[in-house]
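Contents: one structure, followed by commentary.
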Amino acid sequence: WPANCRVTDYVFIENSSSNPYLIRRIEELNKTASGNVEAKVVCFYRRRDISHSLIQLADKHAQDLEEEKESPSEADLTDKQEHQLRHRELFLSRQYESLPATHIRGKCSVALLNETEAVLSYLDKEDMFFYSLVYDPTQKTLLADKGEIRVGPRFQADVPDMLQEGDSDERDQSKLEEKLWDPDCPLSSKQIDQFLVVARAVGTFARALDCSSSVRQPSLHASAAAASRDITLFHAMDTLHRHGYDLSSALSVLVPSGGPVLCRDEMEEWSASEAAMFEEALEKYGKDFNDIRQDFLPWKSLTSIIEYYYMWKTTDRYVQQKRLKAAEAESKLKQVYIPTYNKPNPNQISVTNGKMATVNGAGPGAYHAAGGGRACESCYSTQSAQWYSWGPPNMQCRLCVSCWMYWKKYGGLKMPSRAEGCFSPSCRTGTHSSHMVPVRNSGSPKSSTKTKQAFLLQATRLTKLARHMCRDIIRLRRAARRPFVPINCGAIKAACKSSFNS
12 WPANCRVTDY VFIENSSSNP YLIRRIEELN KTASGNVEAK VVCFYRRRDI SHSLIQLADK
72 HAQDLEEEKE SPSEADLTDK QEHQLRHREL FLSRQYESLP ATHIRGKCSV ALLNETEAVL
132 SYLDKEDMFF YSLVYDPTQK TLLADKGEIR VGPRFQADVP DMLQEGDSDE RDQSKLEEKL
192 WDPDCPLSSK QIDQFLVVAR AVGTFARALD CSSSVRQPSL HASAAAASRD ITLFHAMDTL
252 HRHGYDLSSA LSVLVPSGGP VLCRDEMEEW SASEAAMFEE ALEKYGKDFN DIRQDFLPWK
312 SLTSIIEYYY MWKTTDRYVQ QKRLKAAEAE SKLKQVYIPT YNKPNPNQIS VTNGKMATVN
372 GAGPGAYHAA GGGRACESCY STQSAQWYSW GPPNMQCRLC VSCWMYWKKY GGLKMPSRAE
432 GCFSPSCRTG THSSHMVPVR NSGSPKSSTK TKQAFLLQAT RLTKLARHMC RDIIRLRRAA
492 RRPFVPINCG AIKAACKSSF NS
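If you count by this note's numbering, then the sequence shown holds residues 12 to 513, one letter each, in order.
Listed below in structure tokens is the structure:
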């Protein structure tokens, strides 16, 4: 796939020739001292990468969302579509890593799950994935993405019935909104502006008298600028409203007997060290104010942090930082060209003297030449321009070129293979024996550390009957050790028929 990969693109990354591609989002492209390009990427995880218990939580979350919909969309999905849809689901993480750009194999698309869109739309688009949950690989937790689209009954407001004329108002008055300003007040715009000038002057004088304010705002211009911010204006307008827009009464409140009233906002309440910690936290977490408060400023309230953020965005320091980041981003790489990757895969199978072996000679070894070898584990086709070894070497499984690309991109097979539960049509008709098949790995770290291959017994009804009636024809131990060798079902049927007749 030759392509120009840019920052914010979603890409396939290959870290192993026999494993599915990793899915990442490019955050930065940096040139190393040796001249190579490294990509700083955000990690996405597949279902196969997380534990079985978390998979159950993810399924429960999806089920809850589906039940809340007015018209469920998954009711008409076939087993094959549900199976393939699981391959399209990803889990976002906040984990970053740096990888060589030479590991990029192509581009893909990842979208936040749209609850108003049919899930089949993700299957209709090639290289399309979706996510709705955030996975923390350190804490091993799953949380809903905070950017989820708030659509559905649980996000609708409860509108009370309209009161008819003569009905008594039984609502809780403390929960009702309070009127803070009357636009039809008797004061003219000029009188209101004059009162606000007096309020700002009082605020400047109050800062001159306050020792802590004079340290933070040493100059008269800085004090006047602080007194002109919203906190002073809100206080002045609130004072006017509470005194019935009587200027003389409101003026007496601005300067009570104890001295001028000092109104300070978050910009004045925060120290320089707290402001520096906030900027550091913002660089790390972005606008995730809950994490900022928890890890950096636990003594501040969430309201205080949010208010400070929006005031901080109006400062010269914010403008300067934004310019520096823009200049830094301008100097970085914007895109990198990824040429077509045409190196042979070690799992590719070559045909030699009627037998099949992997390109590098390792892996599953020789395959049966009769009939072209085993069928594809996914689509059960016996014809393909190229074959790839797949699964445990002792199972001698293989995939056709189409199913191999599906496995690499989506981390699963188009349909469950014989090694995942014997779903082949021949098994259902009794013409194929798969006595012992590997247990599907749940993705748990414990299961991946086992040194021995785990097995479960999964036989057809015909095979179970043959165990008791055809012991001379089928040798159970030999068949169990060679699950890829078909059993002569014709001889078994003939033996069973003769036993029934006798």
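Ideal Cβ positions, reconstructed from N, Cα and C, are used throughout, including at glycine.
Does Gly422 get closer than 8 Å to chain B when you measure Cβ to Cβ?
Absent from the structure is chain B; it holds one protein chain and no more.
Thr250 and Ala261 look like a contact to me (Cβ under 8 Å); what is the Cβ gap, rounded to whole Å?
Your numbering for residue 250 matches position 239 in the sequence shown. Your numbering for residue 261 matches position 250 in the sequence shown. That pair is a contact at about 5 Å.
Let me know the secondary structure DSSP gives Glu128 once reduced to three states.
Reading the sequence shown from its first residue, position 117 is the one you call residue 128. If DSSP states are grouped into helix, strand and coil, Glu128 belongs with coil.
From Ser268, Ser64, Arg334, Arg253, pick the residue whose C-alpha is nearest to that of Glu189; which is it?
Locating residue 189 in the sequence shown gives position 178, counting from the first residue. It is Arg253.
What residues match up with Ile34 in a beta bridge as DSSP calls it?
Position 23 of the sequence shown, counting from 1, holds the residue named residue 34. Note: Ile34 sits in a beta bridge opposite Phe23, Phe55.
Validate contact between the segment 177–195 and the segment 85–95 using beta carbons, cut 8 Å, 3 pairs
no
Going by CA-CA distance only, name the one from Lys419, Asn15, Leu154 that's closest to Asp70.
By 1-based counting over the sequence shown, the position of residue 70 is 59. Of the candidates Lys419, Asn15, Leu154, the one whose C-alpha sits nearest the C-alpha of Asp70 is Leu154.
My parser needs the beta strand (DSSP E) runs of 3 or more residues fully inside the segment 391–422; what are they?
398–401, 408–411
Start-to-end residues for the beta strand (DSSP E) that takes in Phe141
The sequence position of residue 141 within the sequence shown is 130, counting from 1. First-last of the beta strand (DSSP E) with Phe141: 139–147.
In the segment 241–320, which residue ranges form an unbroken alpha helix (DSSP H) of at least 4 residues, counting only runs that do not cross its ends?
241–253, 258–265, 277–280, 283–296, 300–306
Helix or strand or just coil, what does DSSP make of Lys343?
Reading the sequence shown from its first residue, position 332 is the one you call residue 343. It is coil, neither helix nor strand.
Going by other Cβ atoms of all chains shown within 10 Å of its Cβ, with 16 needed for buried, is Ala505 buried or exposed?
Here the question's residue 505 lines up with position 494 in the sequence shown. Counting Cβ neighbours within 10 Å, Ala505 comes out exposed, since fewer than 16 surround it.
Beta-carbon contacts of Leu198 that lie in its chain and below 7 Å, excluding the five residues immediately before and after:
Along the sequence shown, read from residue 1 onward, the residue named residue 198 stands at position 187. Taken in chain order, the residues that qualify are Tyr256.
Where do the N-terminal and C-terminal ends of the beta strand (DSSP E) with Gly214 fall, by residue?
In the sequence shown, counting from the first residue as 1, residue 214 sits at position 203. Unbroken run through Gly214 is the alpha helix (DSSP H), 200–220; no beta strand (DSSP E).
Mapping DSSP to helix, strand and coil, what is Glu517?
For the chain, the structure presents residues 12 to 513; residue 517 sits outside this window and is missing.
Using the Cβ count rule (16 or more neighbours within 10 Å means buried), how would you classify Asn452?
What you label residue 452 is simply residue 441 of the sequence shown in a count that begins at 1. Confidence in Asn452 is poor, its pLDDT being 38 and thus under 50, which makes the residue's placement too unreliable to answer from.
Which residues in the same chain have their Cβ closer than 7 Å to the Cβ of Ala396, if we skip the five residues on either side of it in sequence?
Within the sequence shown, residue 396 is the residue found at index 385, counting from 1. Here the set comprises Val412.
For the beta strand (DSSP E) containing Lys118, name the first residue and the last one.
Taking the first residue of the sequence shown as position 1, residue 118 is located at position 107. It spans 115–123 - the beta strand (DSSP E) in which Lys118 sits, taken as one unbroken run.
Glu100 classed as buried or exposed, judged by whether at least 16 other C-beta atoms fall within 10 angstroms
As a working mapping, residue 100 is identified with position 89 in the sequence shown. Flag for Glu100 reads buried.
Check whether the Cβ atoms of Val170 and Val213 lie closer than 8 Å to each other.
Counting from 1 along the sequence shown, the entry for residue 170 is found at position 159. Counting from 1 along the sequence shown, the entry for residue 213 is found at position 202. No.
Between which two residues does the beta strand (DSSP E) holding Leu103 run?
For this step, residue 103 is matched to residue 92 along the sequence shown. Counting along the chain, the beta strand (DSSP E) containing Leu103 begins and ends at 100–111.
Around the C-beta of Lys508, are 16 or more other C-beta atoms found within 10 angstroms, so that it is buried, or is it exposed?
Counted from its first residue, the sequence shown places residue 508 at position 497. Exposed.
Please state whether the Cβ-Cβ distance between Gly422 and Arg57 is less than 8 Å.
Indexing the sequence shown from 1 puts residue 422 at position 411. Indexing the sequence shown from 1 puts residue 57 at position 46. Yes, these two residues count as a Cβ contact at 8 Å.
Glu38: buried (16+ other C-beta within 10 angstroms of its C-beta) or exposed?
The residue labelled residue 38 in the question sits at position 27 within the sequence shown. The residue is exposed, with fewer than 16 neighbouring Cβ atoms inside 10 Å.
How close, in whole Å, do the beta carbons of Ile360 and Ser392 come, if the pair is a contact with beta carbons under 8 Å?
Here the question's residue 360 lines up with position 349 in the sequence shown. Here the question's residue 392 lines up with position 381 in the sequence shown. The Cβ separation is near 14 Å, so there is no contact.
Does DSSP put Ile503 in a helix, in a strand, or in coil?
Locating residue 503 in the sequence shown gives position 492, counting from the first residue. In this structure, Ile503 counts as helix in the three-state DSSP scheme.
With DSSP as the reference, please indicate the residues paired to Ala14 in a beta bridge.
For this step, residue 14 is matched to residue 3 along the sequence shown. Its beta-bridge partners are Ile349.
Only counting the same chain, and skipping five residues up and downstream in sequence, which positions put a Cβ closer than 7 Å to that of Trp192?
Taking the first residue of the sequence shown as position 1, residue 192 is located at position 181. Once the five neighbours on either side are set aside, the close Cβ partners of Trp192 are Met248, His252.
Ignore the nearest five residues each way along the sequence and tell me which others in Glu291's own chain have a CB closer than 6 Å to its CB.
Mapped onto the sequence shown, residue 291 falls at position 280. Here the set comprises nothing.
Measuring straight from C-alpha to C-alpha, what distance separates Tyr32 and Glu93?
Residue numbering aside, residue 32 sits at position 21 when the sequence shown is read from its first letter. Residue numbering aside, residue 93 sits at position 82 when the sequence shown is read from its first letter. Going from the Cα of Tyr32 to the Cα of Glu93 covers about 21 Å.
So Leu154 is in the beta strand (DSSP E); what residue range does that whole segment cover?
Counting from one through the sequence shown, the residue named residue 154 turns up at place 143. Where Leu154 is concerned, the enclosing beta strand (DSSP E) stretches over 152–155.
Could you check the C-alpha separation between Ala44 and Val145 for me, to the nearest Å?
Against the sequence shown, residue 44 aligns to sequence position 33. Against the sequence shown, residue 145 aligns to sequence position 134. Roughly 34 Å between the two C-alpha positions.
Taking the beta carbon of Trp310 as the centre, do at least 16 other beta carbons fall within 10 Å, making it buried, or is it exposed?
Locating residue 310 in the sequence shown gives position 299, where the first residue counts as 1. Counting Cβ neighbours within 10 Å, Trp310 comes out exposed, since fewer than 16 surround it.
Using CA coordinates, which residue listed in Glu388, Ser64, Gln394, Ser132 is at the minimum distance from Leu410?
The residue you call residue 410 lines up with position 399 of the sequence shown. Leu410 has its Cα closest to that of Glu388, out of Glu388, Ser64, Gln394, Ser132.
CB contact flag (Ala14, Ile349, <8 Å):
Numbered from its first residue, the sequence shown carries residue 14 at position 3. Numbered from its first residue, the sequence shown carries residue 349 at position 338. It is a contact, given that the beta carbons lie within the stated cut-off.
Roughly how many angstroms separate the alpha carbons of Ser132 and Glu77, rounded to a whole number?
Sequence index remark: in the sequence shown, residue 132 carries index 121 (1-based). Sequence index remark: in the sequence shown, residue 77 carries index 66 (1-based). Ser132 and Glu77: Cα-Cα distance of roughly 16 Å.
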